[in-house]
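Counting in the numbering used here, the sequence shown tops out at residue 783, every number present.
In this text, a Cβ means the ideal position worked out from N, Cα and C, and glycines have one as well.
Here the structure is a predicted model, which is why all the values come from computation and not from measurement.
See below for the structure under consideration.
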Amino acid sequence: MLPINIESIFDGDSSVEWERIEFKKGWNPLAVFHSICAFANDFNNLDGGYIFIGVEEKSGKPILPPHGLTQMEIDKIQNELLNFGNSKIHPPFHPLAFPMKYQDRMILVLRVPGGENRPYQTVKGLGKNSDRGYYIRVLNATVEARGQKLTELLSLAQRVPFDDRFNQNAGLDDLDFDLIRGFLKEVKSELAEYAEKLEFEQLCRQMNIVGGSTEGPLPKNVGLMFFSSNPSQFFPQTQIDVVKLPTGTEGSRIIEKTFYGPIHQQIRNALHYISTTVIEEIILKDPNKAESDKVLNYPYQAIEELLVNAVYHRGYDVREPIEVRILPDRITITSYPGPDRSISLGKLAVGSLVARRYRNRRIGEFLKELNLTEGRGTGIPIAIKAMEDNSSPPPNFETDEDNSYFIATLPINSAFTSGGASGVATPILAPEVTEFLNENAVSILEYCLTPRSRSEIQMELKLRDAKHLRERYIYPLLEAKVIVMTDPTHPRSLSQRFKTTKLGKSVLEDWRKRTNSIPRLLFDE
């Protein structure tokens, strides 16, 4: 459906500027494609224009009733539009075609939005070896750009970043006012107090997340990424997958959790999940030192910087999610595509890099407003410093010759591997673990101070459903590392037992101190 009122066009009372409208009595492919090229070049940033085929004009005004087209003519024009759009315009460009009836006559309306890859060229003639030219609109005429006009047009040649492009498949209704208002309040924008007083379109235009003409406003991709409830509707696979492999890539147990929604919420939710289920802290007591050292298996700041970096620099036109893999000895964060070719892996490894261009400059602006990134290429240097401060091995970065992917790897701190620490490692209880465990879960820890089989736990707790026991209690306790399998390499072994860990014993001690009681077996179905 056209985003304009066609009656207002023909009545001469239109919100569409007249330099954005052209009438054609019939199908003249050369003239039409010159106009398509001109509207696509959008020299004055008016969001393209409209071409009415089947409508004759005189002195710039339509002659009514329209001349009209037959259905056969409309079909032929649409076929030639497809073919010519691929072969006669460079880069390839296709307008939107709308056949419609007006005053009992069929006409064809072409909606030609400003192109995302300007400047465009098209043929000067229909001969086989015809030269190409750049065309623009000057008032209500289509002309070839020459001299200063051509120089100005070519200055617009920089490719519009994907996040700053209009999305032709979305409308204002796809933007969520509550998400916008919440963002403005969080960043303490003065616009927040006026948000409810402004027309929604005006608010969006002020935030530069909507553009285009007044009769057909279009959300920008960045607006949909931050302020639509389901960005993956417009950008498939816009999500963060966190995949845990407790026994490594060869193991049979995989725990997956996927985070959807606005991209800044994805970041925060994924980071919260990782911080509460992955990050651990231990105290290293060295007999030769009076003070103790605290180290983390992975510093939160390093994970945060690299995950935000992946969200910031990924290609949202590439249908691949960001994947965070939690392995026994490392965390990997994979995104697509790889870094700009101006950035070398050697410079990345030492934190010395200066990006010549940014893939998603608007995303960076919003992430900086939310204090999720500093921008200016500081994310990777901060991650490297966080690993160094935690006495962890440096991160590793990987891509291929085509820069088609980017993998950042954080090795686990050696204190969490057998024989890696000098001194005694004593687990301490993280507040997130205390919050996660309830009385029922603590009761399992009490029972498993002596290693127990799954069936023994089930019988002792009088639970009828083995699946219920595994999913509600066993798996979460394993993830929290308060119990372990006595034979982790064979999860389904008949001799498998579950045993409370040092961290689990700390949970019990903490529980007793806080509740002044011994856990009771209080389980329900």
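Assuming contact is defined by CB atoms lying nearer than 7 Å, are residue i and residue j in contact in what I supplied?
i, j, result
"residue 356", "residue 367", "yes"
"residue 590", "residue 667", "yes"
"residue 557", "residue 673", "no"
"residue 364", "residue 306", "no"
"residue 478", "residue 424", "yes"
"residue 532", "residue 588", "no"
"residue 433", "residue 481", "yes"
"residue 630", "residue 566", "yes"
"residue 370", "residue 298", "yes"
"residue 554", "residue 641", "no"
"residue 465", "residue 521", "no"
"residue 220", "residue 349", "The requested residue 220 is not part of the displayed model; the chain covers only 259 to 783."
"residue 376", "residue 414", "yes"
Does the Cβ of residue i have 16 or more other Cβ atoms within 10 Å, making it buried, or fewer, making it exposed?
i, result
"residue 784", "No information on residue 784 is available, as it lies outside the stretch 259 to 783 that the chain covers here."
"residue 361", "exposed"
"residue 524", "buried"
"residue 592", "buried"
"residue 345", "exposed"
"residue 733", "exposed"
"residue 378", "buried"
"residue 319", "exposed"
"residue 321", "exposed"
"residue 717", "exposed"
"residue 684", "The predicted position of residue 684 is uncertain, since its pLDDT is 42 and thus under 50; a value taken from the coordinates is nonetheless stated next. By the neighbour-count rule (16 or more Cβ atoms within 10 Å), residue 684 is not buried but exposed."
"residue 421", "buried"
"residue 409", "exposed"
"residue 386", "exposed"
"residue 460", "exposed"
"residue 334", "exposed"
"residue 753", "exposed"
"residue 570", "buried"
"residue 764", "buried"
"residue 380", "buried"
If you reduce the DSSP assignment to three classes, tell me which class residue i lands in.
i, result
"residue 510", "coil"
"residue 328", "coil"
"residue 737", "helix"
"residue 658", "coil"
"residue 562", "helix"
"residue 456", "coil"
"residue 313", "coil"
"residue 307", "strand"
"residue 451", "helix"
"residue 722", "coil"
"residue 685", "Only weak support is given to the placement of residue 685: the predicted model assigns it a pLDDT of 44, under 50, and the value that follows is read from those uncertain coordinates. Strand at residue 685."
"residue 576", "coil"
"residue 348", "strand"
"residue 469", "strand"
"residue 476", "strand"
"residue 279", "strand"
"residue 569", "helix"
"residue 651", "coil"
"residue 290", "helix"
"residue 749", "coil"
"residue 424", "strand"
"residue 639", "helix"
"residue 763", "helix"
"residue 446", "coil"
"residue 440", "helix"
"residue 492", "coil"
"residue 430", "helix"
"residue 212", "This structure gives no information on residue 212, because the portion of the chain shown stretches from 259 to 783."
Looking at the strands, I want to know which residues DSSP matches up with residue i.
i, result
"residue 593", "664"
"residue 588", "585 and 669"
"residue 553", "540"
"residue 710", "756"
"residue 517", "498"
"residue 339", "Bridge partners of residue 339: none, in fact."
"residue 334", "None; residue 334 has no bridge partner."
"residue 355", "368"
"residue 360", "363"
"residue 743", "756"
"residue 319", "316"
Between residue i and chain C, is any beta-carbon pair separated by less than 7 Å?
i, result
"residue 629", "Of the protein chains in this structure there is only one, and it is not chain C."
I'd like to confirm something about residue i: is its beta-carbon nearer than 6 Å to some heavy atom of the ligand HEM, or not?
i, result
"residue 573", "Here there are no bound small molecules, and the ligand HEM is not part of this structure."
| Residue ranges of each beta strand (DSSP E) run of no fewer than 3 residues wholly in the stretch 379–422, ordered along the chain? | 379–381, 390–396 and 399–402
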